[in-house]
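Our numbering numbers the first residue of the sequence shown as 1 and each following residue consecutively.
Beta carbons: idealized from backbone N, C-alpha and C, even for Gly.
Because the structure is a prediction, the values reported are computed rather than measured.
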Amino acid sequence: RAISRCHSTPTIAPQRMMRTAATDPTIALWRVANLRNWYTADGGRAAMLTRIGRMGLGDLRDLADHYTAISGRGAFLAAERADDDDVARLKRIATQRMAPGEPGGLPRLEGNFHLELAATAQSARLTREEMALQRQVGPLLWLAHAESGGASATAAAHQRIARSVGETDPATARAHAEDH
Numbered sequence: 001r002a003i004s005r006c007h008s009t010p011t012i013a014p015q016r017m018m019r020t021a022a023t024d025p026t027i028a029l030w031r032v033a034n035l036r037n038w039y040t041a042d043g044g045r046a047a048m049l050t051r052i053g054r055m056g057l058g059d060l061r062d063l064a065d066h067y068t069a070i071s072g073r074g075a076f077l078a079a080e081r082a083d084d085d086d087v088a089r090l091k092r093i094a095t096q097r098m099a100p101g102e103p104g105g106l107p108r109l110e111g112n113f114h115l116e117l118a119a120t121a122q123s124a125r126l127t128r129e130e131m132a133l134q135r136q137v138g139p140l141l142w143l144a145h146a147e148s149g150g151a152s153a154t155a156a157a158h159q160r161i162a163r164s165v166g167e168t169d170p171a172t173a174r175a176h177a178e179d180h
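What follows is the structure in structure tokens.
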């Protein structure tokens with residue numbers, strides 16, 4: 001696949017980006033190298049570049065599968081278990097916007113929504129796993145959102161997931177979470 005900034009291809013979901021990266025890790029590394037204001041708690045940009053450089057194609061594919069499974073199952077359970085207050089909170093978070101030019105705003109909104117979704121699933125284990133994934137590889141998962149149009153696409157995806165949870169539609173909530 002072409003690198004989107006160079007060839008004006010549309011923004012792709014993080015899980016899809018990682019599946020692409022599994023066949024062409026150069027794209028993933030290019031995207032990581034070109035992010036601004038992107039740091040992790042364990043050493044920042046250089047540490048993440050080093051970690052990605054050590055990952056094999058199978059590791060990237062496995063990571064995408066793992067995150068998709070956690071996110072999808074969390075959304076499914078949230079749709080089954082959420083009460084009115086949970087749904088209202090999810091919808092409120094889904095409609096939050098970042099300030100223009102806010103450093104780290106999109107990953108923060110993305111992380112907050114997915115942590116709240118996991119908590120709404122009422123599974124401590126799923127919530128801990130979501131937290132661990134965000135801490136370990138969150139920036140890699142959100143690379144696609146750093147590109148042009150990522151904020152609006154992210155907000156729309158969050159709203160679809162929250163709406164499905166509110167409609168008590170576990171299968172649709174799962175599908176939207178996995179596609180996001």
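- For aspartate 84, the uninterrupted alpha helix (DSSP H) run begins and ends at 84-94, by DSSP.
- Histidine 158 sits in a helix when the DSSP states are folded into three classes.
- In this structure the region 70-80 touches the region 120-138; the number of beta carbon pairs closer than 8 Å is three or more.
- DSSP places methionine 98 outside both helix and strand once states are collapsed to three, so it counts as coil.
- Here glycine 138 is buried: its Cβ has 16 or more other Cβ atoms, across all protein chains shown, within 10 Å.
- Counting only residues of its own chain and dropping the five nearest sequence neighbours on each side, glycine 105 has a CB closer than 6 Å to the CB of Met98.
- Shortest Cα-Cα distance from proline 107 to any of Asp179, Gly56 and Gly150 involves Gly150.
- Here alanine 121 carries a coil assignment [DSSP, helix/strand/coil].
- From the listed residues Arg51, Leu63 and Glu116, the smallest Cα separation to arginine 89 is found for Glu116.
- Here DSSP, grouped into helix, strand and coil, assigns glutamate 167 to coil.
- Counting every other CB atom within 10 Å of its CB across the protein chains shown gives threonine 50 a total below 16, marking it as exposed.
- DSSP, reduced to helix, strand and coil, places histidine 66 within a helical segment of the structure shown.
- If you draw a 10 Å sphere on the C-beta of leucine 140, you find 16 or more other C-beta atoms in it, and that means buried.
- In this structure, the alpha-carbon of threonine 172 lies about 11 Å from that of glycine 166.
- Under the three-state reduction of DSSP output, glycine 58 falls in the helix class.
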